[in-house]
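Asks: First, the structure itself, so that you have it in front of you.
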Amino acid sequence: MTARLGRPLVWVGELGSTNDLARLLAGAGCPEGAVVVADRQTRGRGRQGRVWASPVGGLWCSVLLRPSADSPQGLLSLAVAVAVAETVEQFVPEPAGIRWPNDVEIAGRKVAGILIEATGAAVVVGVGINLNIELQVMPPEVAARAGSLHLIADRPIERRAVLEALLARLADWYSGWAAGGEAVSDAWSSRDLLRGKPVAVLRSGPGIEGVAEGISREGALRIRTTDGAIRQVVAGNVLQVCGPLGPSG
Ligand code: BTN
93 MTARLGRPLV
103 WVGELGSTND
113 LARLLAGAGC
123 PEGAVVVADR
133 QTRGRGRQGR
143 VWASPVGGLW
153 CSVLLRPSAD
163 SPQGLLSLAV
173 AVAVAETVEQ
183 FVPEPAGIRW
193 PNDVEIAGRK
203 VAGILIEATG
213 AAVVVGVGIN
223 LNIELQVMPP
233 EVAARAGSLH
243 LIADRPIERR
253 AVLEALLARL
263 ADWYSGWAAG
273 GEAVSDAWSS
283 RDLLRGKPVA
293 VLRSGPGIEG
303 VAEGISREGA
313 LRIRTTDGAI
323 RQVVAGNVLQ
333 VCGPLGPSG
């Protein structure tokens, strides 16, 4: 069954965060498939408590899902990343890769981010895609590694068309995910930007350094440390390390 996404569609000029309004809709009993879009967010948020700059010119949206309890929870964020990667590729002539868990990049620059939040039994999938963003308006630390589809395509990108494409790809991958998740792992792995790269995980407690070796069946990042052991990371800030790992890595 393909989920129908975009009914109702709530489109607002300015919001704090589309995820917040979608959470309210979830609490009010709104059906699966409801979508919130804002032209601009004043308190857009990213993963790990980061601020998500959301000026006019991007697609900032949240989708309300009500998955069954036996769905493979850990893989949802990866399924959404595949859907977003497939969406952006429809508008630019370059392939999209995914940096674990769900940053979507083109030519080394992040063009989209995903923030998934549970609220009761419902799930809010927040997606931000830089469509027509002049990078100078972004904070310098964001602009340094961000991209925008219009710069890659060398033409303005139509937001409504991207939203429609996104909802179609999301609906397909949501169904694929609910059916078990193996296709999700395969599709995600074919876009894995970290495989074989030296990485370091920043988190509370001792960090982990090693070489990324893809994902587990549950979607955790597998890292081979210098002693040959495999460590699995389910959360944390994963940095790609330049140069060889030290002896204690
Ligand atoms: C990240 O890469 O850190 C995730 C960014 C997610 C941004 C989107 S924009 C729409 C939705 N509303 C938010 O406040 N955040 C998500």
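Per the numbering used here, the sequence shown starts with residue 93, numbered consecutively.
Glycine included, every Cβ here is placed at the ideal spot set by N, Cα and C.
As the structure is a computational prediction, the values presented were derived from the model and not from experiment.
1) Helix, strand or coil for Asp246, going by three-state DSSP, please let me know.
2) Go to Asp131, then tell me how far its beta strand (DSSP E) extends in each direction, as first and last residue.
3) Keeping to the same chain, check which residues put their C-beta closer than 6 Å to that of Pro339; ignore five residues upstream and five downstream.
4) Could you check which residue in Gly273, Ala114, Gly239 has the C-alpha nearest to that of Gln228?
5) Quick check on Thr211: does DSSP put it in helix, strand or coil?
6) Sorry if obvious, but does the Cβ on Arg139 come closer than 7 Å to a heavy atom of the ligand BTN?
7) Tell me, which residues are paired with Lys202 by DSSP?
8) Under DSSP, the alpha helix (DSSP H) around Val180 begins and ends at which residues?
9) Tell me the start and end of each unbroken beta strand (DSSP E) in the segment 259 to 328 that is at least 3 residues and wholly inside, in chain order.
10) In terms of residue numbering, what span does the alpha helix (DSSP H) encompassing Leu223 cover?
11) Have a look at Glu226 and Leu241 and give me their C-alpha separation to the nearest angstrom.
12) Does the ligand BTN have a heavy atom nearer than 7 Å to the CB of Thr110?
13) Would you mind sorting Val184 into buried or exposed? The rule is 16 or more other CB atoms within 10 Å of its CB.
14) Which residue wins for smallest C-alpha separation from Gly220, given the options Val234, Gly205, Thr211, Pro164?
15) Report yes if the C-beta distance between Val325 and Arg316 is below 8 Å; otherwise report no.
16) For the segment 94 to 106 against the segment 124 to 135, are there 3 or more C-beta pairs whose distance is under 8 Å?
17) For Ala327, does the count of other Cβ atoms within 10 angstroms reach 16, so buried, or fall short, so exposed?
18) Please identify the residue among Ser281, Pro298, Ala321 whose C-alpha is closest to the C-alpha of Ala177.
19) Quick one: does the C-beta of Leu156 sit closer than 7 Å to a heavy atom of the ligand BTN?
20) Determine the contact status of Val203 and Val155, defining contact as a CB-CB distance below 8 Å.
Replies: Based on what the coordinates show:
1) Correct three-state label for Asp246: coil.
2) That run of the beta strand (DSSP E) goes 127 to 133.
3) Because Pro339 carries a pLDDT of 45, less than 50, the predicted location of this residue cannot be relied on, and no value is offered for it.
4) Ranking Gly273, Ala114, Gly239 by CA distance to the CA of Gln228 puts Gly239 first.
5) Note: Thr211 maps to strand in three-state DSSP.
6) The beta carbon of Arg139 sits closer than 7 Å to at least one heavy atom of the ligand BTN.
7) For Lys202, which the question treats as bridged, DSSP gives the partners Glu197, Ala238.
8) That run of the alpha helix (DSSP H) goes 168 to 180.
9) Those beta strand (DSSP E) runs which fall completely within the segment 259 to 328 and span 3+ residues are 290 to 294, 300 to 307, 313 to 316, 322 to 325.
10) Taken as a continuous stretch (DSSP letters only), Leu223 belongs to no alpha helix (DSSP H), as it is neither H nor E.
11) Rounded to whole angstroms, Glu226 and Leu241 show a C-alpha spacing of 10 Å.
12) Proximity of the beta carbon of Thr110 to the ligand BTN is indicated: a heavy atom of the ligand is located closer than 7 Å.
13) Burial call: buried.
14) Distances from the alpha-carbon of Gly220 to those of Val234, Gly205, Thr211, Pro164 put Gly205 closest.
15) It is not a contact, given that the beta carbons lie outside the stated cut-off.
16) These segments touch.
17) Exposed, because fewer than 16 other Cβ atoms sit within 10 Å of the Cβ of Ala327.
18) Among Ser281, Pro298, Ala321, the Cα nearest to that of Ala177 is on Ser281.
19) For the ligand BTN, not one heavy atom lies less than 7 Å from the Cβ of Leu156.
20) The answer is no: Cβ separation not under 8 Å.
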